[in-house]
DNA sequence: CATGAATGAGGCTTCATTCAT
DNA sequence: AATGAATGAAGCCTCATTCAT
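Protein chains in written order, with the numbering used here: chain A, 12 to 211; chain B, 12 to 211; chain C, 12 to 211; chain D, 12 to 211.
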């Protein structure tokens, strides 16, 4: 994964530090139990400096969610760009999402926790992005159906379901275990999602 | 679904009203943006009364999450109690979770949002319960592996993954759509989870 | 002056105490240098209590200015109600404004200081009221012109000018002197305003 | 009015620009709601530059009030210097104050708003100056009384009252009207102040 | 001199919780 | 048991001021 996909690494130094500090604390406590003070302190800057980079604490949240989703979308889209077969595309997309999670544990513990919070308020954009991400799955599955590679299923259900399967399984490991058996997760999910859990 | 499984219906009148009011507001805003005032008001009681039934706002959250998880566990466990075959058990469990979600939309929008928040603090119990629920899946899948009905997969991954698939697909419909096509969701998830998305 | 005209005396106990505390401090420092903390403390209540009675510190200011202007208008209007001759009316109005100032030194030191602050923002109403007060003078003077008792002058100029003369002269005494020679002020202003400063 | 009396025009370039920017903003918002940032920006300099010319925001206020009062005093004193008769002197003084207001609308809107704020703090000097200005009126009136041109009145009351009459009438026009009928104001004030409002 | 990023003291406001009635 | 006025700890944010460049 080149710098292009590194969360925050293309931001100004201080802004990146603030983002990283925030994510690190948010993955431990929740957004609401974290104070701006703490974030600034962890980033090694003054409290006022925070407000040179973000309009408010809420906007930081919005920015972080946005940022991660945009990068994830970029990353996954890039990874499937030159793949032709729907099945291969879906494999690649699964690989990519899991890799991405694996590269950014803190971020995704935070992400999974806070992504559900945004239904109303200013930040409808988050929802749009989450939808845009799931749309990647939807498009691949639709393509697979058209080419008779995949069965006819309810595309919305299965796309969001796949996203849920990957996210929750990843979180499960991130939250409850010290290891993150990327390969196992990858293989098990793919095996079941492509061929089902039934033997023979 | 008998009263036994109805959330809050076996509580004292006012406590039940407070729970229902809370869930209704929480599904709209998040826990943190909801005030005790609002909950009491919606329940039609005074603010002080709230504290006759709950030690604190946090304890209400804990109680609600707990309550829903316990009932879900009861409900699913009861539903599979007399089923013998692992595959039938898993089908039944999937049916039950989806039914349960369907009966309690507000609750599960809230549940999905807040369940991730609890890692530290007093409320480890929530985690235990969530784990206990996933353990139901784990046990069924283990049984299925033992009887050669199911393939060998990473059980933790696939159990939490199934939970994620069901939860996120359900939420997807609950959040983004006015309808909730229970039967479609059920069939699509089962078809993919049991047989995979690949045709032939 | 009956209770009817007493500033704040017809408010709830705590609200009145907060108003009185605020005015007392505002007359010493300015609004901006006074904290809500101080006001609450001087009123003998908790800081949070302040917000049970006023939406914000700004709204307190608005309320205080409003309140004083309304009462002044009431007081002056009542005092001239049964007077027929324009000259007598104007005398009575001058008497009343000076009496009112005299009864509420703190308030008017505060009033004169803050009344100019409100041009934009929510509180256009203040301006309307100040205008409404000056309109009392305008109407009397117009009447006096019509009945040939008064000369033809620019009514807006002379009405606001009279208000300024009374206000600034009163403030002068309130700010720079320990005494407030009500009678002297009254007589001197009237003598000059009615007959001019020129002898003979 | 030669440069001698132009506010700020004999200051260094940047200092003058800062003063003008400040007055312009202050006449719109109040001192307290204006930030140093805004002033610097409007003056077209950096925020740090502000502090090369003024020790603090407070000192700017002090300087502005001071500056305007000193110039006003100079201007009025100069204008009456060669006038002999008290009545003519007073007329000239009134002319001058009104001219001065007219030349510096923004400044006087600001001045009238902020002049009352200074009772304690470092800036007693402001009060002294305001007093010094009113003393000009006091001296003329005293002289007029001695020469029997003027009646015996309470000199402090009438001097501050005249200042108030001129200031508030001027502000009235500046704040509430797009025009400033200098001649009308001048004539009406003089007519009333010298001869009274009563006809015959 | 000029700048503007960095700072943190300080103030407003919210809201969970208490308690007298 | 029920209430809601009272409380004050806690947190977000502003902005005057500093200082390295």
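Quick reminder that beta carbons are idealized off the backbone N, C-alpha and C, glycines included.
- By the criterion of at least three beta-carbon pairs nearer than 8 Å, the stretch 74–86 of chain C is not in contact with the stretch 181–194 of chain D.
- With contacts defined as CB atoms closer than 8 Å, residue 174 of chain D and residue 191 of chain D fail to qualify as a contacting pair.
- Residue 158 of chain A is classed as exposed because its beta carbon has fewer than 16 other beta carbons within 10 Å across all chains shown.
- With fewer than 16 other Cβ atoms inside 10 Å of its own Cβ, residue 46 of chain A counts as exposed.
- Nearest to residue 63 of chain D by C-alpha distance, out of D/90, D/167, D/27, is D/27.
- For residue 80 of chain A, the enclosing alpha helix (DSSP H) covers residues 68–91.
- Taking 8 Å as the CB threshold, residue 179 of chain C lines the interface with chain D.
- Against residue 209 of chain A, the close residues of chain B are 98, 160, 161, 162, 205, 206, in the order they occur along the chain (beta-carbon pairs closer than 8 Å).
- With three or more CB-CB distances shorter than 8 Å, the stretch 115–126 of chain C counts as touching the stretch 32–52 of chain C.
- Identification of residues in the stretch 25–50 of chain C having a C-beta nearer than 7 Å to some C-beta of chain D yields 41, 43, given in sequence order.
- A distance below 8 Å between beta-carbons, with the five flanking residues on each side excluded, links residue 84 of chain D to the following residues of its chain, in chain order: 140, 143, 144, 147.
- In the DSSP assignment, residue 161 of chain B is bridged to A/209.
- Judged by their CB atoms, residue 109 of chain C and residue 209 of chain C are not nearer to each other than the 8 Å cut-off.
- Counting along the chain, the unbroken alpha helix (DSSP H) around residue 47 of chain A starts and ends at 47–54.
- Taking C-beta atoms as the reference points, residue 200 of chain A and residue 168 of chain B count as a pair closer than 8 Å.
- A direct Cα-to-Cα measurement between residue 95 of chain D and residue 21 of chain C gives close to 56 Å.
- A direct Cα-Cα distance of roughly 16 Å separates residue 161 of chain C from residue 172 of chain C.
- Taken atom to atom, the span from the alpha-carbon of residue 152 of chain B to that of residue 67 of chain C is near 60 Å.
- The beta carbon of residue 55 of chain D sits closer than 6 Å to none of the beta carbons in its chain outside the five residues before and after it.
- For residue 179 of chain B, the enclosing alpha helix (DSSP H) has its first and last residue at 166–187.
- Counting along the chain, residue 40 of chain B sits inside no alpha helix (DSSP H), nor does DSSP assign it H or E at all.
- Distance from the CA atom of residue 202 of chain B to the CA atom of residue 111 of chain A, rounded to whole angstroms, is 28 Å.
- Taking a Cβ-Cβ threshold of 7 Å, the residues of chain B close to residue 200 of chain A are 168, 172, in chain order.
- Taking CB atoms only, residue 196 of chain D has a neighbour in chain C less than 8 Å away.
- Nearest neighbour of residue 17 of chain A by Cα position, chosen from A/188, A/177, A/115, A/156, turns out to be A/115.
- An exposed status is given to residue 58 of chain C, since fewer than 16 other beta-carbon atoms sit within 10 Å of its beta-carbon.
- Taking a Cβ-Cβ cut-off of 8 Å, residue 90 of chain B has no neighbours in chain A, whose nearest Cβ is about 19 Å from it.
- Rounded to the nearest whole angstrom, the CA to CA distance from residue 127 of chain B to residue 138 of chain B is 9 Å.
- From the listed residues D/164, D/155, D/178, the smallest Cα separation to residue 97 of chain D is found for D/155.
- Proximity of chain B to residue 124 of chain A at the Cβ level (cut-off 8 Å) is accounted for by 127, 128, in chain order.
- Residues of the stretch 75–87 of chain D that bring their beta carbon within less than 8 Å of a beta carbon in chain C are absent altogether.
- Taking a C-beta distance under 8 Å as the contact criterion, residue 90 of chain D and residue 82 of chain D do not qualify as a contact pair.
- Per DSSP, residue 118 of chain A is one residue of the alpha helix (DSSP H) stretching across 116–125.
- Residue contact with chain D for residue 95 of chain C: absent (no Cβ-Cβ distance below 8 Å to any residue of chain D).
- For the pair residue 189 of chain C and residue 51 of chain D, the Cα-to-Cα distance works out to about 42 Å.
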